[in-house]
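Participant: Residues -21 to -1, 1 to 320 (mature numbering (1 follows the signal peptide of the UniProt record, and there is no 0)) are what the sequence shown spells out, left to right. Glycine is no exception: its CB is placed at the ideal position from the N, C-alpha and C atoms. These numbers come from a predicted model, not from an experiment. What follows is a single structure, and I will ask about it in a moment.
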Amino acid sequence: MPSFTSKSLLAVLAGAASVAAHGHVSNIVINGEYYRGFDSSLNYMANPPAVVGWKANNQDNGFVGPDAFSSADIICHKDATNAKGHAVVKAGDKISIQWETWPESHKGPVIDYLANCGTSGCETVDKTSLEFFKIDEVGLVDGQTWGSDQLIANNNSWLVEIPPTIAPGFYVLRHEIIALHSAGQENGAQNYPQCINIQVTGSGTEKPAGVKGTALYKADDAGILVNIYQTLSSYSIPGPALIEGAVSVVQSHSAVTATATAITSLGDAPAATAAPAATTAPAAAPAVTTTAAAAATTKPATTAAAAQPTTSAKSGCQKRRAARRAAALARRHARDVAFLD
């Protein structure tokens, strides 16, 4: 086979791997309870389970560019539709947001918003009606470290606290990384919004005013159109200002102690299944100061070995299926190597 064809195929494979490496939020953890997020594999299930993460048409783990800031895609990603369930969290508690992966080269801020869905819940809310207020942001920590670097150092996860003053209700948590590696040119920034349905409980009374998702950013904002390869002494995080009462936390990875099912009724109580006990050493959180408005001292949570609890042993059928899959992959790899040669 001509070398041109082989090289072209390798380039395509490398490009596909690069796109797939962008990642998405795979799950969240609240007080040790694991809630599944949306994954494109759910599209191929006859009866997919209800999850807390919104569905988006981004099987390539792609982004929303500045030229789409005025479209509904910027709200919860491309063609996003409502999650069919939600998780419960008490105001003042923390949510660990787990990304499948995130590339080190895609540096930029990490930002979190809330939007109240009203009394009917977030499972049916019109996303274009949501008004978001900012509860967390980390941009350029120093000349070298960005919020995205902290996320990577924290096992590709991000810890955010629901402000203690927030009134009870149903909210969309909009979590976002803005990649700035190409932001020095017009329309070069890459936004990766991820939406999660939550129900906030507690005794808070604050109902902050928000901004429609389509009005959060402008293409020429200082934090959107920026060359990060020059020496930066500061960085203007895009979007509205943090609300009063926003809390900055030390990043740490939450241990999973149980698996919870997304709640699909406004009156349901969360159900959780205990996870097998695991002996793991806690991971040190990055020793850096974030740029969020208010500082708080928190104790890092114990790090779980994996984001999702695993079962203790495979059945005989599972082992046989795994062996057949491994053999098939080995044969396919041998054919691919012969093909490229």
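What are the residues that DSSP puts in a beta bridge with N135?
Facilitator: As a working mapping, residue 135 is identified with position 156 in the sequence shown. None, per the DSSP bridge assignment.
Participant: With DSSP as the reference, label N22 as helix, strand or coil.
Facilitator: Here residue 22 refers to the residue found at position 43 of the sequence shown. Helix, per DSSP.
Participant: Between L138 and K73, is the Cβ-Cβ spacing less than 8 angstroms?
Facilitator: Taking the sequence shown and counting its residues from 1, one reaches residue 138 at position 159. Taking the sequence shown and counting its residues from 1, one reaches residue 73 at position 94. Yes; because the gap between Cβ atoms is below 8 angstroms, this pair is in contact.
Participant: Since I believe A70 is in contact with T243 (beta carbons under 8 angstroms), could you give me their beta-carbon distance rounded to a whole number of angstroms?
Facilitator: Within the sequence shown, the letter at position 264 stands for residue 243. Within the sequence shown, the letter at position 91 stands for residue 70. Actually they are not in contact, since the Cβ atoms of T243 and A70 sit about 22 angstroms apart, beyond 8 angstroms.
Participant: Does the structure place the stretch 196 to 212 close enough to the stretch 162 to 177 that three or more beta carbon pairs sit under 8 angstroms?
Facilitator: They touch, by the three-pair rule.
Participant: As a quick exercise: from I157, H154, I141, L159, pick the residue whose alpha carbon is nearest that of Q178.
Facilitator: On the sequence shown, position 199 is the one that residue 178 refers to. Comparing Cα positions, the closest option is I141.
Participant: Which residues in the same chain as G189 place their Cβ atom closer than 7 angstroms to its Cβ, once the five residues preceding and following it in sequence are excluded?
Facilitator: Sequence index remark: in the sequence shown, residue 189 carries index 210 (1-based). These residues qualify, in order along the chain: A94, E110, F111, F112.
Participant: Within a Cβ cutoff of 7 angstroms, which residues of the same chain sit near T170, ignoring the five residues on either side of it in sequence?
Facilitator: To locate residue 170, count along the sequence shown from 1; it is residue 191. According to the sequence as given, residue 170 is Asn; it is not Thr. For N170, where only same-chain residues beyond five positions count, the Cβ hits under 7 angstroms are F42, V43, I53, E155, I157.
Participant: Which of the three DSSP states is assigned to A194 in this structure?
Facilitator: Translated into positions along the sequence shown, residue 194 becomes position 215. Note: A194 maps to helix in three-state DSSP.
Participant: Under 6 angstroms Cβ to Cβ from H56, same chain only, skipping five residues before and after it: list those, please.
Facilitator: Numbered from 1 along the sequence shown, position 77 holds the residue referred to as residue 56. So the qualifying residues of the chain are A35, N37, P172.
Participant: For T107, which three-state DSSP category applies?
Facilitator: Walking along the sequence shown from the start, residue 107 turns up at place 128. Looking at T107 - three-state DSSP - the assignment turns out to be helix.
Participant: Roughly how many whole angstroms lie between the Cα atoms of D128 and G192?
Facilitator: For this step, residue 128 is matched to residue 149 along the sequence shown. For this step, residue 192 is matched to residue 213 along the sequence shown. Cα-Cα distance, rounded: 25 angstroms.
Participant: Helix, strand or coil, according to DSSP, for S127 in the structure here?
Facilitator: Here residue 127 is taken as the residue at index 148 of the sequence shown, counted from 1. Residue state, collapsed to three classes: helix.
Participant: Within 10 angstroms of the Cβ of A123, are there 16 or more other Cβ atoms? Answer buried if so, exposed if not.
Facilitator: Residue numbering aside, residue 123 sits at position 144 when the sequence shown is read from its first letter. In the sequence as displayed, the identity of residue 123 is Gln instead of Ala. Under this definition Q123 is an exposed residue.
Participant: Within a Cβ cutoff of 6 angstroms, which residues of the same chain sit near N134, ignoring the five residues on either side of it in sequence?
Facilitator: Taking the first residue of the sequence shown as position 1, residue 134 is located at position 155. Correct list, in chain order: H232.
Participant: Taking G181 as the reference, which of L130, W78, T144 has the closest Cα?
Facilitator: Position 202 of the sequence shown, counting from 1, holds the residue named residue 181. If we check each option's Cα against that of G181, T144 comes out closest.
Participant: Taking 6 angstroms as the limit between beta carbons, can you name the residues of its chain near C174, skipping five residues before and five after?
Facilitator: In the sequence shown, counting from the first residue as 1, residue 174 sits at position 195. Only W33, C55, V151, R153 meet the Cβ criterion.
Participant: Once DSSP output is grouped into helix, strand and coil, what is the label at C174?
Facilitator: If you number the sequence shown from 1, residue 174 lands on position 195. Strand.
Participant: With distances taken between CB atoms, is the gap from residue 325 to S136 smaller than 8 angstroms?
Facilitator: Only positions -21 to 320 of the chain appear in the structure, and residue 325 is not among them; the question remains open.
Participant: Assuming A237 contacts G11 under a Cβ cut-off of 8 angstroms, what Cβ separation, rounded to an integer in Å, is found between them?
Facilitator: Counted from its first residue, the sequence shown places residue 237 at position 258. Counted from its first residue, the sequence shown places residue 11 at position 32. Confirmed, about 6 angstroms.
Participant: Determine the contact status of S75 and I131, defining contact as a CB-CB distance below 8 angstroms.
Facilitator: On the sequence shown, residue 75 is found 96 positions in, with the first residue counted as 1. On the sequence shown, residue 131 is found 152 positions in, with the first residue counted as 1. It is not a contact, given that the beta carbons lie outside the stated cut-off.
Participant: Have a look at V235 and V4 and give me their C-alpha separation to the nearest angstrom.
Facilitator: Counting from one through the sequence shown, the residue named residue 235 turns up at place 256. Counting from one through the sequence shown, the residue named residue 4 turns up at place 25. In a straight line, the C-alpha of V235 is about 16 angstroms away from that of V4.
Participant: Measuring straight from C-alpha to C-alpha, what distance separates R15 and A239?
Facilitator: As a working note, residue 15 is residue 36 in the sequence shown. As a working note, residue 239 is residue 260 in the sequence shown. In a straight line, the C-alpha of R15 is about 8 angstroms away from that of A239.
Participant: P217 to L119, Cα distance in whole Å?
Facilitator: Here residue 217 refers to the residue found at position 238 when the sequence shown is read from its first residue. Here residue 119 refers to the residue found at position 140 when the sequence shown is read from its first residue. Approximately 12 angstroms, taken between the alpha carbons.
Participant: Tell me which residue opens and which closes the alpha helix (DSSP H) that I53 is part of.
Facilitator: Stepping through the sequence shown from its first residue, residue 53 is reached at position 74. Looking at the DSSP string, the run of the alpha helix (DSSP H) that includes I53 is 52 to 55.
Participant: Give me, in chain order, the residues of the same chain whose beta-carbon lies closer than 8 angstroms to that of T107; leave out the 5 immediate sequence neighbours on both sides.
Facilitator: As a first step, residue 107 is located in the sequence shown; it is residue number 128 there, counting from the start. Same-chain partners within the cutoff: A51, I54, K191, G192, T193.
Participant: Along the chain, where does the beta strand (DSSP E) that runs through I76 open and close?
Facilitator: Locating residue 76 in the sequence shown gives position 97, where the first residue counts as 1. Per DSSP, I76 belongs to the beta strand (DSSP E) from 73 to 78.
Participant: Between I114 and A225, how many whole angstroms is the CB-CB distance? I'm expecting something under 8 angstroms.
Facilitator: For this step, residue 114 is matched to residue 135 along the sequence shown. For this step, residue 225 is matched to residue 246 along the sequence shown. That belief holds up - the Cβ atoms of I114 and A225 are roughly 5 angstroms apart, short of 8 angstroms.
Participant: Distance check for P187 and G2, CA to CA, integer angstroms please.
Facilitator: As a working mapping, residue 2 is identified with position 23 in the sequence shown. As a working mapping, residue 187 is identified with position 208 in the sequence shown. Going by the C-alpha atoms only, they are around 31 angstroms apart.
Participant: Confirm the yes/no value for this check: CB of I54, any heavy atom of the ligand ATP, distance under 7 angstroms.
Facilitator: Although the ligand ATP was asked about, the structure shown includes no ligands whatsoever.
Participant: Which partner residues does E116 have in the DSSP bridge list?
Facilitator: As a working mapping, residue 116 is identified with position 137 in the sequence shown. Paired residue(s): I90.
Participant: Taking only the alpha-carbon atoms, compute the straight-line gap between Y92 and H85 and give it to the nearest angstrom.
Facilitator: Along the sequence shown, one-based indexing puts residue 92 at 113. Along the sequence shown, one-based indexing puts residue 85 at 106. Rounded to whole angstroms, Y92 to H85 spans 21 angstroms at the Cα level.
Participant: For V228, which option in S161, D121, W125, V117 has the closest C-alpha, if you only look at C-alpha atoms?
Facilitator: In the sequence shown, the residue the question calls residue 228 occupies position 249. If we check each option's Cα against that of V228, V117 comes out closest.
Participant: Quick one: residues in its chain with C-beta nearer than 6 angstroms to the C-beta of G100, no 5 flanking neighbours on either side, listed in chain order?
Facilitator: Here residue 100 refers to the residue found at position 121 when the sequence shown is read from its first residue. Taken in chain order, the residues that qualify are F149, L245.
Participant: So, helix, strand or coil for A158, using DSSP?
Facilitator: Here residue 158 refers to the residue found at position 179 when the sequence shown is read from its first residue. Residue state, collapsed to three classes: strand.
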